[in-house]
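To keep things clear, I will list the structure first and then write my remarks on it.
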């Protein structure tokens, strides 16, 4: 499964539609994120770009220019003082509101995502394309993109407002100066072209940058440290690293001229023409027409700065928004996703039987069927072993029984009723499962076992289960025993367990539960022989008189089962009890003989063969 | 706390902040002088013209006009401004697009290569020390960001000093009192700026702490690994509750800090920009212009524009830049320490490599992991003859992997010695010694390179031998591009993802490929199904005929073929001998073997054993 996230992709998405979608989502979660930014930024930009830079300057300069009254001048100052203080308080109040709201929005959006994520089909996680999109959608949360989008939109609003005020002021001085400002509007277009070129350049460099990051990770991670010291893989890493750098340099060179031209044209329109034009025209007016005042001239020069800054801001925001839109497109399709595994209405009751009738299943991207026309029946109290080599379809069968996937053909009946008619959660809770890729959580040991907040009674139950799974030996050595939080991730007195101990804790979940049917998928893979043996005995004990489905490629575990199902390439090639299968001399007996041979060899039988 | 951690503490205040900054700037200058100088100039070209024009340019023109100068003087001034503007921009953009971007890429390469080479020489023990790991490796991982930030910071610092001096002296010539008012209003509020800096730092630290918790629960719902577990055992409500607890803490923390931070910002801005520059300063200017008639309109504009720039520069130079510098200096300190750190595993006098296996003798070997009190290996004695196949078995944590780590000199023994061909392995160079071994580890890794590079773990693999090695390890998957196929999807969408069993076969092929006298295989068959395991055992013995092989296994079925089996318990070798000898001895090995074998005995025997 790919873990990387492609940051750039040449996909066209409707920017406006997605931005509106994002804003609606944020407003729904907490309206103060957006409002706070609008208040804060408008107050800030309005003050900096208009009040301070232009209105203030204009008023005072006019007073000085016309040799006005000092008292009137002071009156203006006081007026500005009051107005500025109010704007300043508004600005920081707005920022305060949005900074707090951003964390609230994160929490609300996350809760929405969690609910949706849990309803996703497992198939989604196994489909690289979907998973990639899903990761990009979750990036909105981890990287705070929702905050960026609100900020950008608010900044566009604030800058537009300041822009209009500045233009109005210039018009009142002399509309001719607007002529020199017209080129600034083109800057908007040029900057968009430029950022598109930068984007394409970065897109071309993505692969090389991914190589660079990979090399860095590989060199520093402990996982690779031994290989790096005992082999020459380091040379391979350096070779790739250098190649990636060289490739990047070629790309950077190729885009150099284009970007230089864009930058120059942008400067030409945003600085040269307006500034020089204004100076020249003002000089002309001064000298030949004497119609321009000093204050008018200064204000126009300041305005050019304000307008340039506002325009560049807005251009940057648009560019960023179009990138954010891509992420929200993914979030939207994530929320809109309809699970294919549809809930039924019935509650799964006391287990009586489980029957597969001619079921077939093919993974969406696979070419061959993983399960090919299988039928079997398991009744209450039976122990069934499903065996076969890697890739025979054992784990897929489990996924079908638990409705992680639905069968393509045939049906699976629980107590004689198609499993699709039950509520998914109720069906899954009827099974107690131990997976090969077990996981524990950073909550207390007891909570890991009970999977809920623990009462005293729960803790006793959990403790009993931990004793049965063999984990208690270790857990009781902790100061807080079963109340100890697993992993040291964020709890200083948390406990780090070894692979085997972790597996014992997750197996305790099974012992603690009042289950109908147990499904054990290679539950002993991380254990040493003695621990494996004990675990197996305890499982047999705990599941006595219960229904158990045991998945394994170690045939030794099959011997005690009431029924053995041998899978190969998605088909049942044999089934029956251990003695009957051994007698029939089919595939099972062959496999068994092969595995047993290593243990059953009598002295001196092959010893000399290899020499 | 281990000795290493103490060293780190002691060195923490090793170099002063300026020393660290200068060290790094010098380093960058050595690696890429053009980039460092060019960057400074480019920055000045970017800042100075606009700043100067807004202060002097305007004043000059206004004063010229007021004094009734002729058109030629004004237009000459405009022409000069135009030339400066166009020239500076043109140079800056040329430099950026044609030199800086590529030079940065090259600098990144040179800097990181040094780091990587140092990382390769680190003792493995450094990775076991979490403090070392967090302190050094993680900081260095973000070094490229830090370098860019430092460069930006340094050049802004220099640029701002120059601009502060220039603008201040211009204002000084206009009216020293103005300059005084400006600088006074900035300095009065410096303590608040510093307070804001502290609060921001505190907020970031606390935020990181609370976020670590909420991010963890967030990850559980985002990641594929947890998907099945979350669906199957009804733990969802508990996890969501824990997330919300943590997220609420984050909100509260944010509220607590931002309430103070926004208030201080508000006070600071009101004080400097509003009260200082928009009230007191213009009050004074207005008084001069309107009452005393000692100030021109041009002076008024220049002072007013200059004030904002001085405020910005002073604040930057005294608070923000210093705070950022001290943060960067800490990073550089780590960088320096990392490069200066010494390996304990040292080269011996003479590099020795050879093809034929020699006798390996382990004498009274003991080993304690740094930071542990209990020794992991206690007084081990073992002689391995050339071409022997030795199996190490025992419970988890018995010390099997540690012993192989010592053979490879990934660690050095605490006591005793390892002697190969009569010479202590410490007499050989580290790289020479390690080149004698082919090692496949339990946690073998697949690299996002071609299959052949994955087998050879070296540049320019010998294709014929790669194919041969893959054949021996039983790798039979047909790939479109054969051994040139790229593995993993890390950066190749066409990359092939191998299953656990196939990956392991690739890892085992490495041992067959490497032309060397000794092979170490840790749990070579853990991911394989029984048939593949059986085939592998056969192939392994055949292909490793010309090597001494030491392998570790949990599955005792694989150990039967070994010439000798060492049973380890609690850091000691408790039994040693061939399978038959150990079975006869009826000790720990026999017990373990019987436990595993029991289930394979035929059903009648099983019935018997149940009755016991």
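Protein chains in written order, with my numbering: chain A, 30 to 640; chain B, 991 to 1602.
Glycine included, every Cβ here is placed at the ideal spot set by N, Cα and C.
Using beta carbons (cut-off 8 Å, strictly below), is residue 142 (chain A) in contact with chain B?
Among the CB atoms of chain B, one or more fall inside 8 Å of the CB of residue 142 (chain A).
For a contact meaning CB atoms closer than 9 Å, what does residue 1310 (chain B) contact in chain A?
Within chain A, no C-beta atom comes less than 9 Å from the C-beta of residue 1310 (chain B); the nearest is roughly 18 Å away.
Would residue 175 (chain A) be called buried (16 or more neighbouring beta carbons within 10 Å of its own) or exposed?
Buried: at least 16 other Cβ atoms inside 10 Å.
Is the CB of residue 1092 (chain B) under 8 Å away from at least one CB in chain A?
Residue 1092 (chain B) counts as touching chain A.
Confirm, please, whether the CB-CB distance from residue 1275 (chain B) to residue 99 (chain A) is below 8 Å.
Cβ atoms of residue 99 (chain A) and residue 1275 (chain B): not closer than 8 Å.
Would you kindly report the start and end of the unbroken alpha helix (DSSP H) that includes residue 1342 (chain B)?
Segment: none, residue 1342 (chain B) is in no alpha helix (DSSP H) and carries neither H nor E.
Secondary structure of residue 1584 (chain B), DSSP reduced to three states:
Of the three classes helix, strand and coil, the one that applies to residue 1584 (chain B) here is helix, per DSSP.
Between the C-alpha atoms of residue 1285 (chain B) and residue 1166 (chain B), what's the straight-line distance to the nearest angstrom?
Inter-residue distance for residue 1285 (chain B) and residue 1166 (chain B) is about 12 Å (C-alpha atoms, whole angstroms).
CB-CB length for residue 1368 (chain B) against residue 1562 (chain B), believed under 8 Å
The C-beta separation of residue 1368 (chain B) from residue 1562 (chain B) comes to about 5 Å, placing the pair in contact by the 8 Å criterion.
Kindly list, in the order they appear in chain D, the residues whose Cβ is closer than 9 Å to that of residue 1321 (chain B).
As a matter of chain content, chain D is missing from the structure shown, whose protein chains are A and B.
Using a Cβ cut-off of 8 Å (strictly closer), state whether residue 1036 (chain B) contacts chain A.
Chain A contact via Cβ: absent.
Tell me the rounded alpha-carbon separation between residue 1232 (chain B) and residue 609 (chain A).
Rounded to the nearest angstrom, the two C-alpha atoms are 52 Å apart.
When burial is assigned at 16 or more other CB atoms within 10 Å of the CB, is residue 1487 (chain B) buried or exposed?
Per the 10 Å Cβ criterion, exposed.
Does any residue of chain A have a CB that is nearer than 8 Å to the CB of residue 1163 (chain B)?
Not an interface residue.
Mind listing the chain B neighbours of residue 572 (chain A)? Cutoff is C-beta to C-beta under 9 Å, in chain order.
Correct list: empty, because the minimum Cβ distance to chain B is about 17 Å.
Below-8 Å beta-carbon distance, residue 245 (chain A) vs any chain B residue
Using a Cβ-Cβ cut-off of 8 Å, residue 245 (chain A) counts as an interface residue toward chain B, since at least one Cβ of chain B sits closer than that to its own.
For residue 1300 (chain B) and residue 1154 (chain B), what's the separation of their Cα atoms in angstroms?
Rounded to whole angstroms, residue 1300 (chain B) to residue 1154 (chain B) spans 6 Å at the Cα level.
Just to confirm my understanding: we take residue 1587 (chain B), look at its own chain, exclude 5 residues before and 5 after, and list those with CB closer than 7 Å. What are they?
Closer than 7 Å at the Cβ level, and outside the excluded window around residue 1587 (chain B), lies no residue.
By alpha-carbon positions, which one of B:1482, B:1526, B:1458, B:1480 ends up nearest to residue 1491 (chain B)?
When only C-alpha atoms are compared, the closest one is B:1526.
Output needed in chain order: residues of the stretch 307 to 318 of chain A with a Cβ under 7 Å from some Cβ in chain B.
Cβ proximity to chain B below 7 Å picks out 308, 309, 312, 315, 316 from the stretch 307 to 318 of chain A.
Give every residue of the same chain whose Cβ lies closer than 8 Å to the Cβ of residue 1577 (chain B), excluding the five residues on either side of it in the sequence, and list them in chain order.
Taken in chain order, the residues that qualify are 1557, 1564, 1565.
Against chain B: residues of the stretch 258 to 278 of chain A by CB proximity under 8 Å:
The residues in question are 258, 259, 260, 261, 262, 263, 264, 265, 266, 267, 268, 269, 270, 271, 274, 277, 278.
Contact with chain A by residue 1360 (chain B), beta-carbon distance below 8 Å
Taking Cβ atoms only, chain A never reaches closer than 8 Å to residue 1360 (chain B), which makes this a no.
Which residues in the same chain as residue 101 (chain A) place their Cβ atom closer than 8 Å to its Cβ, once the five residues preceding and following it in sequence are excluded?
Only 92 meet the Cβ criterion.
When the Cα atoms are used, what is the spatial distance from residue 542 (chain A) to residue 461 (chain A)?
Taking the straight line from one Cα to the other gives about 7 Å.
Straight-line CA distance for residue 1020 (chain B) to residue 1337 (chain B)?
Roughly 29 Å separates the two Cα atoms.
Using alpha carbons as the reference points, say which of A:404, A:233, A:207, A:138 lies closest to residue 53 (chain A).
Of the residues A:404, A:233, A:207, A:138, the one whose Cα lies closest to the Cα of residue 53 (chain A) is A:138.
Using the C-alpha atoms, what's the distance from residue 459 (chain A) back to residue 385 (chain A)?
Rounded to the nearest angstrom, the two C-alpha atoms are 17 Å apart.
Could you tell me whether the Cβ atoms of residue 1070 (chain B) and residue 1054 (chain B) are closer together than 8 Å?
Judged by their CB atoms, residue 1070 (chain B) and residue 1054 (chain B) are not nearer to each other than the 8 Å cut-off.
Whether or not the stretch 313 to 332 of chain A and the stretch 127 to 143 of chain A are in contact is what I'm after, with contact meaning three or more pairs of Cβ atoms, one per stretch, closer than 8 Å; do they touch?
These segments do not touch.
Is there a Cβ of chain A sitting closer than 8 Å to that of residue 1445 (chain B), yes or no?
The beta carbon of residue 1445 (chain B) sits no closer than 8 Å to any beta carbon of chain A.
Beta strand (DSSP E) segment containing residue 461 (chain A), residue limits
According to the DSSP assignment, residue 461 (chain A) belongs to the beta strand (DSSP E) that extends over 460 to 463.
Is the stretch 1223 to 1241 of chain B close to the stretch 474 to 493 of chain A, with three or more CB pairs under 8 Å?
Taking a contact to require three or more Cβ pairs closer than 8 Å, the stretch 1223 to 1241 of chain B and the stretch 474 to 493 of chain A qualify as touching.
Straight-line Cα distance separating residue 471 (chain A) from residue 196 (chain A):
Cα to Cα, residue 196 (chain A) sits roughly 58 Å from residue 471 (chain A).
Measuring alpha carbon to alpha carbon, tell me which of B:1506, B:1245, B:1107, B:1442 ends up nearest residue 1429 (chain B).
When B:1506, B:1245, B:1107, B:1442 are compared, the shortest CA-CA separation from residue 1429 (chain B) is found for B:1506.
State the Cα-Cα distance for the pair residue 539 (chain A) and residue 70 (chain A), rounded to the nearest angstrom.
Rounded to whole angstroms, residue 539 (chain A) to residue 70 (chain A) spans 56 Å at the Cα level.
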